[in-house]
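A.B. asks:
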Amino acid sequence: MGWIGETVDSIKSLQIRHVLSQAVSLGMIVTSALIIWKALMCATGSESPVVVVLSGSMEPGFKRGDILFLHMSKEPIRAGEIVVFNVDGREIPIVHRVIKVHEREDTGEVEVLTKGDNNYGDDRLLYAQGQLWLQRHHIMGRAVGFLPYVGWVTIIMTEKPIIKYILIGALGLLVITSKD
Amino acid sequence: MHSFGYRANALLTFAVTILALMCAMASVSDNFNSPSPTSKVQVLNINWFQKQPNGNDEVSMTLNISADLQSLFTWNTKQVFVFLAAEYETPKNALNQISLWDGIIPSKEHAKFWIHTSNKYRFIDQGSNLRGKEFNLTLHWHVMPKTGKMFADKIVMSGYRLPQEYR
Amino acid sequence: MFQISSLPSIRALAMVLRKSRSLSIQRSKLKPMDWKGQKLAEELMQILLLVFAVVGFVTGYVTGSFQMMVLVFAGGVVLTTLVTVPNWPFFNRNPLKWLDPIEAEKHPKPQPQPLNSKKKFSKK
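Chains as they are written, first to last, in the UniProt record's numbering: chain A, 1 to 180; chain B, 1 to 167; chain C, 1 to 124.
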């Protein structure tokens, strides 16, 4: 009867090993995604190198669900550029176009005014109370590239969290049960 | 392993990869386009020119803008955003850029245009430096692609001058 | 033609099912597409998609229409899906020749043998 016990043991060890290897491969997927994201952060110098457009204020250029690639270089900001900025007291960054620039002679500090292409007026109403200009530190990056529609995935996931959990669960199940 | 789902998955992955590659190539193909746009701007009239109570100069003017931007359009162009900015130096600021007018050109057919307009955005200086100020009018354009990299360039037109006195 | 080519595949499938009950290790291999068919399907998928990508890009570039490129490629993806994803009999022209079960039963292997080999396998 000894060989039955041995077989059971071998099967048990096989399963543990199998589960472990699946867990490791799942971890590899997650970490490699993280590595790519961090590498992009380093390469572009921007805190969030890829952003999803959430509002229609830049239509018809950028629609809701489009993806923008940001770049943060030392080059000065000029009128016409599309920048992503954070306003004090607002959580969600805004993507709008610069329409006015005043650059100081002595310090090189810039004061800019932005406006959404599809908005009627400029952005002073969106800024913090009494704020007339955006400074350099408000600006997170400038848009350099564009990809349509792809951002819908994240919009759907943030607005309908159930779908996210279903998707993650299904993926996890697939990875764990797959017999490679 | 080689089941229905596996093959469908492999096909979808490969198809999406290729589609991304095609979009990247379309974006690269934009580089082969060497545009030669032209533009002409006239300041027809200074409508009014005054000092605001807070000390900043403000001017309102009537402009005649004509431009031909047709060569900017390629097959990967969604739209061209075009704007006219006044650019000048003051003792305080090394550069002032003030957008006076802008527009969105949706297609090549609309890319040759002329427009007669007063300035759409207020032309206000930071301070009181506009009397007799010489400034450039610069036509900027921003090409928005269907996918990929955005392009921007400009034509500088110099030799404009504001009047010596408020009116 | 269709019957002739599909008949062996059904036979193979039936044998495969019988086999799968006795030998669960080999379950993963037991699918209607044979080995050469799998290779063919994979290659066909890649070649078809690449061809449609090139054709789409060229037509799009020449006609100056981005939409044209996407449409041609989308059509190509649909066609490729129809051709390479289902288990067409076309992909089963070289079915595996399993031993006839009756043949196998005539020469039964000693019981402990497969278990030993299995153990070795798992320890490796």
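Don't be surprised by glycine CBs; every beta carbon is placed ideally from N, CA and C. As the structure is a prediction and not an experimental result, all values here were calculated from the model.
What residue range is occupied by the uninterrupted beta strand (DSSP E) comprising Thr62 of chain B?
C.D. replies: On the second sequence, residue 62 of chain B is found 62 positions in, with the first residue counted as 1. Element bounds for Thr62 of chain B: 57 to 68.
A.B. asks: Taking the alpha carbon of Ile92 of chain A as the reference point, which residue from A:Glu109, A:Leu54, A:Leu70 has its own alpha carbon closest?
C.D. replies: Taking the first sequence and counting its residues from 1, one reaches residue 92 of chain A at position 92. Cα-wise, what sits closest to Ile92 of chain A is A:Leu54.
A.B. asks: Cutting at 8 Å between CB atoms, please list the residues of its own chain near Gly56 of chain A, excluding the five before and the five after it.
C.D. replies: Within the first sequence, numbered from 1, the residue matching residue 56 of chain A stands at position 56. Contacts found: Lys63, Arg64, Asn118.
A.B. asks: Measuring only the C-alpha atoms, how far is Leu17 of chain C from Leu79 of chain C?
C.D. replies: To locate residue 17 of chain C, count along the third sequence from 1; it is residue 17. To locate residue 79 of chain C, count along the third sequence from 1; it is residue 79. Reliability fails at Leu17 of chain C, whose pLDDT of 43 lies under 50, so the model's placement of it is uncertain and the value that follows must be treated cautiously. Their backbone Cα atoms lie some 31 Å apart in a straight line.
A.B. asks: Which of helix, strand or coil does DSSP assign to Gln52 of chain B?
C.D. replies: Stepping through the second sequence from its first residue, residue 52 of chain B is reached at position 52. It is coil, neither helix nor strand.
A.B. asks: I want to know whether the stretch 57 to 75 of chain C touches the stretch 11 to 23 of chain B - three or more CB-CB distances under 8 Å.
C.D. replies: The stretch 57 to 75 of chain C, when compared against the stretch 11 to 23 of chain B, does touch it at the 8 Å Cβ threshold.
A.B. asks: Report the residue from A:Asn86, A:Gly45, A:Val95, A:Ile77 whose alpha carbon sits nearest the alpha carbon of Asp66 of chain A.
C.D. replies: Working through the first sequence from its first residue, we reach residue 66 of chain A at position 66. Of the candidates A:Asn86, A:Gly45, A:Val95, A:Ile77, the one whose C-alpha sits nearest the C-alpha of Asp66 of chain A is A:Val95.
A.B. asks: Taking only the alpha-carbon atoms, compute the straight-line gap between Pro145 of chain B and Val101 of chain A and give it to the nearest angstrom.
C.D. replies: Counting from one through the second sequence, the residue named residue 145 of chain B turns up at place 145. Counting from one through the first sequence, the residue named residue 101 of chain A turns up at place 101. Approximately 25 Å, taken between the alpha carbons.
A.B. asks: Which partner residues does residue 182 of chain A have in the DSSP bridge list?
C.D. replies: Residue 182 of chain A lies beyond the stretch modelled for chain A, which goes from 1 to 180, so this question has no answer here.
A.B. asks: Just the C-alpha distance for Arg78 of chain A and Val24 of chain A, rounded to the nearest angstrom, thanks.
C.D. replies: For this step, residue 78 of chain A is matched to residue 78 along the first sequence. For this step, residue 24 of chain A is matched to residue 24 along the first sequence. In a straight line, the C-alpha of Arg78 of chain A is about 48 Å away from that of Val24 of chain A.
A.B. asks: So Lys154 of chain B is in the beta strand (DSSP E); what residue range does that whole segment cover?
C.D. replies: Stepping through the second sequence from its first residue, residue 154 of chain B is reached at position 154. Element bounds for Lys154 of chain B: 151 to 161.
A.B. asks: Can you pull out the residues from the stretch 23 to 46 of chain A whose beta carbon lies closer than 8 Å to at least one beta carbon of chain B?
C.D. replies: For the stretch 23 to 46 of chain A, which is checked against every Cβ of chain B, not one residue is closer than 8 Å.
A.B. asks: From the beta carbon of residue 198 of chain B, is the nearest beta carbon of chain C less than 8 Å away?
C.D. replies: A question about residue 198 of chain B goes unanswered here, because the residues of chain B that appear run from 1 up to 167.
A.B. asks: Using the Cβ count rule (16 or more neighbours within 10 Å means buried), how would you classify Gly37 of chain C?
C.D. replies: Walking along the third sequence from the start, residue 37 of chain C turns up at place 37. Per the 10 Å Cβ criterion, buried.
A.B. asks: Please compile the residues from chain A whose C-beta is within a distance smaller than 9 Å of the C-beta of Thr147 of chain B.
C.D. replies: Along the second sequence, one-based indexing puts residue 147 of chain B at 147. Residues of chain A passing the Cβ test: Gly145, Phe146, Leu147, Pro148.
A.B. asks: Expressed to the nearest angstrom, what Euclidean distance is found between the alpha-carbon atoms of Glu163 of chain A and Ile155 of chain A?
C.D. replies: Within the first sequence, residue 163 of chain A is the residue found at index 163, counting from 1. Within the first sequence, residue 155 of chain A is the residue found at index 155, counting from 1. Reading off the sequence shown, one finds Ile at residue 163 of chain A, where the question assumed Glu. In a straight line, the C-alpha of Ile163 of chain A is about 11 Å away from that of Ile155 of chain A.
A.B. asks: Please confirm if Ile155 of chain B has its CB atom under 8 Å from at least one CB of chain A.
C.D. replies: Within the second sequence, numbered from 1, the residue matching residue 155 of chain B stands at position 155. So no, Ile155 of chain B is outside the interface.
A.B. asks: Span of the alpha helix (DSSP H) holding Phe73 of chain B?
C.D. replies: On the second sequence, residue 73 of chain B is found 73 positions in, with the first residue counted as 1. From DSSP, Phe73 of chain B is part of no alpha helix (DSSP H); its letter is neither H nor E.
A.B. asks: So, for Gln46 of chain C: in the same chain, excluding its five sequence neighbours on each side, which residues have a beta-carbon less than 7 Å away from its beta-carbon?
C.D. replies: Position 46 of the third sequence, counting from 1, holds the residue named residue 46 of chain C. Hits under 7 Å: none found.
A.B. asks: Smallest Cα separation from Ser48 of chain A: which of A:Asp106, A:His71, A:Pro60?
C.D. replies: Position 48 of the first sequence holds residue 48 of chain A. Cα-wise, what sits closest to Ser48 of chain A is A:His71.
A.B. asks: Answer with buried or exposed for Phe69 of chain A, where buried requires no fewer than 16 other C-beta atoms within 10 angstroms of its C-beta.
C.D. replies: Indexing the first sequence from 1 puts residue 69 of chain A at position 69. With 16 or more other Cβ atoms within 10 Å, it is buried.
A.B. asks: Please list, in chain order, the chain A residues whose beta carbon lies closer than 7 Å to that of His142 of chain B.
C.D. replies: As a position in the second sequence, residue 142 of chain B is number 142, starting the count at 1. Near His142 of chain B (Cβ distances below 7 Å), the residues of chain A are Gly80.
A.B. asks: Cβ closer than 7 Å: which chain B residues qualify as neighbours of Glu91 of chain A?
C.D. replies: As a working note, residue 91 of chain A is residue 91 in the first sequence. Within chain B, no residue comes near Glu91 of chain A; the closest Cβ sits about 26 Å away, beyond 7 Å.
A.B. asks: List the residues of chain B whose Cβ lies closer than 7 Å to the Cβ of Val77 of chain C, in chain order.
C.D. replies: The count along the third sequence starts at 1 and reaches residue 77 of chain C at position 77. Ordered by position in chain B, the residues that pass the 7 Å Cβ test against Val77 of chain C are Ala15.
A.B. asks: Within a Cβ cutoff of 6 Å, which residues of the same chain sit near Ala152 of chain B, ignoring the five residues on either side of it in sequence?
C.D. replies: The residue given as residue 152 of chain B occupies position 152 in the second sequence. Result list for Ala152 of chain B: His142, in chain order.
A.B. asks: Taking contact to mean at least 3 C-beta pairs separated by less than 8 Å, is the stretch 41 to 48 of chain B in contact with the stretch 58 to 68 of chain B?
C.D. replies: Touching, yes, given that three or more Cβ pairs across the two stretches are closer than 8 Å.
A.B. asks: Measuring only between beta-carbons, confirm whether Pro53 of chain B sits less than 8 Å from chain A.
C.D. replies: Start at 1 with the first residue of the second sequence, and residue 53 of chain B comes out as number 53. No, Pro53 of chain B does not count as interfacial toward chain A.
A.B. asks: Less than 8 Å separating the beta-carbons of Leu134 of chain A and Arg124 of chain A?
C.D. replies: For the purposes of this step, residue 134 of chain A is taken as residue 134 along the first sequence, with counting starting at 1. For the purposes of this step, residue 124 of chain A is taken as residue 124 along the first sequence, with counting starting at 1. No, they are not a contact pair.
A.B. asks: Hey, out of C:Leu96, C:Lys106, C:Val54, whose CA is closest to Ala15 of chain B's CA?
C.D. replies: Translated into positions along the second sequence, residue 15 of chain B becomes position 15. Answer by Cα proximity: C:Val54.
A.B. asks: When you check each C-beta in the stretch 16 to 50 of chain B against every C-beta of chain C, which residues fall closer than 7 Å?
C.D. replies: Hits within the stretch, in order: Ile18, Leu19, Met22, Met25, Ala26, Ser29.
A.B. asks: Checking contacts by CB at 8 Å: is Arg124 of chain A closer than that to chain B?
C.D. replies: For this step, residue 124 of chain A is matched to residue 124 along the first sequence. No, its Cβ sits nowhere closer than 8 Å to a Cβ of chain B.
A.B. asks: Report the option in B:Asn33, B:Met25, B:Gln70, B:Asn54 whose CA atom is closest to the CA atom of Phe113 of chain B.
C.D. replies: Walking along the second sequence from the start, residue 113 of chain B turns up at place 113. For Phe113 of chain B, the nearest C-alpha among the options comes from B:Gln70.
A.B. asks: Determine which residues share a DSSP beta bridge with Arg104 of chain A and list them.
C.D. replies: For the purposes of this step, residue 104 of chain A is taken as the residue at position 104 of the first sequence. Per DSSP, B:Asn93.
A.B. asks: Taking the alpha carbon of Ser107 of chain B as the point to measure from, which residue in C:Asn87, C:Ser65, C:Phe91 has its own alpha carbon closest?
C.D. replies: Start at 1 with the first residue of the second sequence, and residue 107 of chain B comes out as number 107. Among C:Asn87, C:Ser65, C:Phe91, the Cα nearest to that of Ser107 of chain B is on C:Ser65.
A.B. asks: Using only alpha-carbon positions, find the residue among A:Val83, A:Met28, A:Ile16 that is nearest to Met150 of chain B.
C.D. replies: The residue labelled residue 150 of chain B in the question sits at position 150 within the second sequence. For Met150 of chain B, the nearest C-alpha among the options comes from A:Val83.
A.B. asks: Would you mind working out which of A:Glu105, A:Thr107, A:Arg104, A:Arg136 sits nearest Thr114 of chain A, comparing C-alpha positions?
C.D. replies: The residue given as residue 114 of chain A occupies position 114 in the first sequence. Here the closest residue by C-alpha is A:Arg136.
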